[in-house]
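According to the numbering used here, the sequence shown is numbered sequentially starting from 135.
Working notes, structure below.
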Amino acid sequence: MKTSISNHIATVTFSHPDRANALGEADWDAMGDTFRELDENDDVHVVILAGEGKHFCAGMDLAVLGSLQARAIGTKEEMIAQLETFILRIQASITAIEQCRKPVLAAIHGGCIGGGVDIVSACDMRYCSEDAYFTVKEVDFGIVADIGTLQRLPYILQPGLVSELAFTGRKMFAPEALRSGLVNQSFSNRETLLAGVTEIAASIASKPPRVIAGIKHNLLYQREHSTADSLKYVADYSANLLLG
C-alpha cells in the first residue's frame with residue numbers, strides 16, 4: 135500500500151497488482167493504520183483510494199482464509215472466539231476509512247470483489263471506470279459477508295438490490311453501478327478516472343477543512359439517529375463551529 139500527499143490530497147493506492155490487490159493480514163492492518171494517520175494529518179484535507187494494475191481490489195487474499203483454519207485451535211468455543219477476534223480486527227481497519235474526518239473518494243477500475251466492496255462501502259464517494267465491476271463474492275466461498283457490506287451497502291443502494299447481490303454473488307457492471315447510485319460518475323478508463331476524481335478532490339480540498347469534517351461527521355451521525363435528533367445535534371455542532 136502506497137501513500138502520497140500533494141496539494142492537501144492524499145492518494146492511497148493498493149499496490150499488489152500481481153495478485154489483483156488482494157489483501158493479506160498485514161495489508162488490512164496497514165490500511166487501518168494509514169487512514170488513522172491521515173485522520174490526524176492536518177496537511178491532508180481529502181483522500182483518494184485507488185488500485186494499481188488491472189483491478190481495484192480483489193478483497194481478502196484466499197491464503198488468509200486457509201491460514202485462519204489452520205491456526206484455529208482449542209475447543210469449538212475457543213476457535214469461534216479466535217475467528218471473531220480476527221473478523222473484528224478487519225472490520226476495524228475498514229471502519230477507519232469511515233471514521234477518518236477527511237472525505238474519502240474511491241476511484242474504482244476493473245474488479246472490486248468481496249472485501250473490495252466492503253471497503254468502498256465505507257468511502258464517502260465512489261467513482262469508476264467503464265471496465266469496473268462489483269461483486270459480493272463471499273457467498274460463493276460459503277461465507278456470509280462479515281466485514282461491512284451488509285451493514286453499509288443498504289444505505290447506498292435499494293435494500294432489495296443489496297439482497298440480490300449478496301445472495302447471488304453476481305457482477306454489477308459500471309452502467310448498473312452508475313444507474314443504481316453505487317457510483318457518482320463513470321469515466322472511460324483508469325487514467326480519466328484518476329484525473330476526474332483528482333479534480334473533484336481538489337475542489338473539496340479548497341474548502342475550509344473544519345467545515346468539510348463537520349459535514350462528514352453530521353452525515354454519519356444522521357444515519358444512526360432520527361431526523362429530530364440529528365437536527366438538534368447539527369444545530370449545536372454548527373453553533374460551536376461558528377464560535378470556535
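Cβ coordinates follow ideal geometry from the N, Cα and C atoms, glycine included.
In this text the structure is predicted, and so the values were computed from the model without any measurement.
Within the model, the alpha-carbon separation for V270 versus I247 is close to 6 Å. T361 is bridged by DSSP to nothing; it lacks a bridge partner.
Shortest Cα-Cα distance from V278 to any of Y261, A300, Y267 and C257 involves A300.
By the Cβ test, the region 202-213 is not in contact with the region 171-185, since fewer than three Cβ pairs between them sit closer than 8 Å.
Under a 10 Å Cβ-count criterion, H359 is classified as exposed, with fewer than 16 other Cβ atoms of the shown protein chains found around its own Cβ. Take M259, set aside five residues on each side of it, and the residues of its chain with a beta-carbon closer than 8 Å to its own are P237, V238, L239, A240, N318 and I334, in chain order. In the assembly as shown, N155 is a buried residue. Its beta-carbon has 16 or more other beta-carbons within 10 Å.
Taking a cut-off of 8 Å for Cβ pairs, the region 136-156 and the region 177-193 touch, as three or more such pairs fall below it.
Between S322 and S263, the gap from beta carbon to beta carbon is short of 8 Å. By the CB criterion at 8 Å, C257 and L183 fall inside the cutoff. Linking T302 to I221 through their CA atoms gives a straight-line distance of about 22 Å. Boundaries of the beta strand (DSSP E) around F268: Y267 to T269.
L327 is classed as buried because its beta carbon has at least 16 other beta carbons within 10 Å across all chains shown. Annotation for Q319: the continuous beta strand (DSSP E) segment containing it runs Q319 to F321. Cβ contact annotation for G245 (same chain, cutoff 7 Å, sequence separation greater than five): A154, H189, F190, A192 and Y267, in chain order. Burial is judged here by how many other beta carbons sit within 10 angstroms of a residue's own beta carbon; F169 has at least 16 and is buried. Each of A144, G187, T229 and V181 was checked against the Cα of P151, and the nearest Cα belongs to G187. Comparing alpha-carbon positions, the option among A362, A336, L375 and G185 lying closest to I349 turns out to be L375.
Listed in chain order, the non-local C-beta contacts of I281 below 7 Å within the same chain comprise I221, I224, Q225, I228, G249 and D252, local neighbours out to five positions each way being set aside. In this structure, DSSP gives M165 a helical state, which the three-state scheme calls helix. Beta-bridge pairing by DSSP links A240 to L183 and R260.
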